[in-house]
Amino acid sequence: MKLKLPARAFFTAAAAPAIAPRDRQCREAFIRSIDRLLTTTATSTATSATSTITATFTTATATAAPTISDAAPPRPVLQLDRRTRTRSHDRRPLPPSHVHVRPAPRRTMATTGAAVDATLVEAAKRAACQQAVKDHYSPDFRYVGIGSGSTIAYVVEAIAALGPSGSAGVKFVPTGAGSTRLIRDAGLAVLQVPELLREAVGFAGPSRQILDVYFDGADEVDAELSCIKGGGACLFQEKVVARLARRFVCVADSRKRAPRLLTGWRYVPVEVSPVAAELVRQALVDLGSVDPVIRAAPSSPSDFASSESGYLVTDNHNYLIDAPFPTLLLNSQADLIDPAKGIWTPEALTAKIRGILGVLEVGIFSGLTGPQAAAAGPGAEGVRPVKVYYGKTDGGVETQE
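In numbering that gives the first Met the number 0, the protein residues as written are 0 to 400.
What follows is the structure in structure tokens.
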């Protein structure tokens, strides 16, 4: 009696429960062996045939891939050939949706020399926040903005340390889910932006500067107090709250201070509509950005969701594009702008990126301060800090204004 079941079907029906080939070469050698086996007369039961096939696979595996182990082999590093859009190790076409999907650049400053002790950095952040709160916070305030990120936790800590009498009449406006939780955990009153705007109708006049002060950190600050924000993925809410504040006070450790933006920090975050993400990415390349990427969702638990494609999804249900550019000029160097080389000032680059269809907001906080915007009249935007507090690892605090 001849066994009529095709080799691949037989492998699936009978052998698959017992064996799991993990290598294409091994699998093909295994199937060829089955083909030879199935040309002989079947004189045993299906169970015996399965046992024979299992033994055959063991032999084929030993011949084709003697180094196979129980652990899955490490995946090869994929390098993309930009001319052929293929993976260099196997030259198969790369799906277009994967071309620009990769983990976002690490949200850290470029470092040189010995690493700074993390404990000293945290102490520096705490010192900066304590001094900023001492200089710019009052229990008599009505509304206070609280930003996002690790540094701002020490601002909330310093305010909470004043006790109930120091915050009883104050409502704190967060810039995202993380800062909302931070405020609540400290026992302080939370007021979201929509509720703030409804509650404070007519309170701030035409300038709509409702908040008495807004405390937040920065990823990098230049010599004119323009700053990059958005490494923590809350840049749109941060800009809204900064726009609603009479003054923005920035707190950071001294590593964040730079002569010009994109000196140590590597990219400009841009929040975009998911449907237009690739359109925006290509337009950023046209402006001089070097390999902008859609930010991938973090692998560790976070306050942010991820899309089916693995992208980070902001609180506003958008994507972020991290766009590296050459080091920016100062705003006072506008005469040196060179679009052909991607050389921009913070203000000029912000205006260009905002003009791209699909962009919600740009992570550059530049231009007017809150007081300057109030003096300029209705419609003026003031999002640049009035003062920056830098904590130093020696325990001191230096300021810039």
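Where a beta carbon is used, it is the ideal one built from N, C-alpha and C, also for glycine.
{"query": "Consult DSSP for T349 and reduce its assignment to one of helix, strand or coil.", "result": "helix"}
{"query": "Write down every uninterrupted run of the beta strand (DSSP E) in the segment 286-337 whose length is 3 residues or greater and which is fully enclosed by it, in chain order.", "result": "292-294 and 318-322"}
{"query": "Tell me which residues share the same chain as C128 and place their Cβ nearer than 7 Å to its Cβ, disregarding the 5 neighbours each side in the sequence.", "result": "T150, Y153, V154, A157 and V250"}
{"query": "State the DSSP-derived secondary structure class of Q208, mapped to helix, strand or coil.", "result": "coil"}
{"query": "Run through DSSP, which three-state label would L367 get?", "result": "strand"}
{"query": "How far does the beta strand (DSSP E) with P173 in it extend, from its first residue to its last?", "result": "K170 to P173"}
{"query": "How would you write the range of the beta strand (DSSP E) that Q236 sits in, first residue to last?", "result": "No beta strand (DSSP E) holds Q236; the alpha helix (DSSP H) holding it covers L234 to R242."}
{"query": "Pick from P370, Y318 and T174: whose alpha carbon is nearest that of A275?", "result": "Y318"}
{"query": "For D184, does the three-state DSSP call read helix, strand or coil?", "result": "helix"}
{"query": "Pairing CB atoms from the segment 320-327 with CB atoms from the segment 248-265, are three or more of them under 8 Å?", "result": "yes"}
{"query": "Could you name the residues of the same chain whose beta carbon sits closer than 8 Å to that of N315, not counting the 5 residues immediately before and after it, in chain order?", "result": "F235, Q236, E270 and L359"}
{"query": "With Q129 as the anchor, note down where its alpha helix (DSSP H) starts and where it stops.", "result": "A117 to H135"}
{"query": "Using three-state DSSP, classify E270 as helix, strand or coil.", "result": "strand"}
{"query": "Can you give the Cα-Cα distance for S253 and G394, rounded to whole angstroms?", "result": "11 Å"}
{"query": "Which residues bound the beta strand (DSSP E) around L359?", "result": "V358 to V361"}
{"query": "Should A131 and Y388 be called a contact, given that it needs their Cβ atoms to be closer than 8 Å?", "result": "yes"}
{"query": "Whole angstroms is fine: what's the gap from I336's alpha carbon to L286's?", "result": "12 Å"}
{"query": "Which whole-angstrom value is the C-beta distance of V239 and A322, which I expect to be below 8 Å?", "result": "The pair is not a contact, with the Cβ atoms about 21 Å apart (cut-off 8 Å)."}
{"query": "Classify T118 as buried or exposed, calling it buried when 16 or more other Cβ atoms lie within 10 Å of its own Cβ.", "result": "exposed"}
{"query": "From the DSSP output, read off the bridge partner residues of Q399.", "result": "V387"}
{"query": "Can you look up E198 in the DSSP assignment and give me helix, strand or coil?", "result": "helix"}
{"query": "Using the Cβ count rule (16 or more neighbours within 10 Å means buried), how would you classify Q208?", "result": "buried"}
{"query": "Contact defined as beta carbons within less than 8 Å: I believe A333 pairs with T344. What is the distance between those atoms, to the nearest angstrom?", "result": "5 Å"}
{"query": "What residues are listed by DSSP as bridge partners for I145?", "result": "P173 and F214"}
{"query": "Determine, using beta carbons only, whether P163 and I145 come nearer to each other than 8 Å.", "result": "no"}
{"query": "G231: which of R125, Q371, G366 and G362 sits nearest, CA to CA?", "result": "G362"}
{"query": "Note down, in chain order, each residue of its chain lying with its Cβ closer than 6 Å to the Cβ of S306, except the 5 sequence neighbours on either side.", "result": "V312"}
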